[in-house]
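Residue numbers (the working numbering): 5 to 112.
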């Protein structure tokens, strides 16, 4: 099997190669790392005071906190914590007081 056959269906990311882009209309930035079958993996650095906007999840969404703290739906999440939000769930509360770095997996 040659190298291109081994990678058929794969999108492997090297984080240092991804560019930072603005995220969420506030003081946050993101690296879109990889995608497959409509799902995207994003690394996000949210600065102190960042607040997300309310929305309804059209598809499931998964988050894992790497560093810092954030609040979602009234729950405080720290490094090592995560959430899974079901399709159709309302996301009405998302903020970080002192900043946080997290991985987000969602479908566009």
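From the three backbone atoms N, C-alpha and C, an ideal C-beta is built for every residue, glycine too.
The beta strand (DSSP E) spanning residue 9 covers which residue range? Careful: residue 9 lies outside any beta strand (DSSP E), inside the alpha helix (DSSP H) at 7-10.
Quick one: Cα of residue 81 to Cα of residue 87, how far? 9 Å
Rounded separation between residue 121 and residue 56 - CA only: As displayed, the chain neither begins before 5 nor continues past 112, which places residue 121 out of reach and without an answer.
Go ahead and label residue 25 buried or exposed: buried means 16 or more other beta carbons lie within 10 angstroms of its beta carbon, across all protein chains shown. exposed
Does any CB atom of chain D fall closer than 8 Å to the CB of residue 32? The chain inventory of the structure shown lacks chain D, comprising one protein chain alone.
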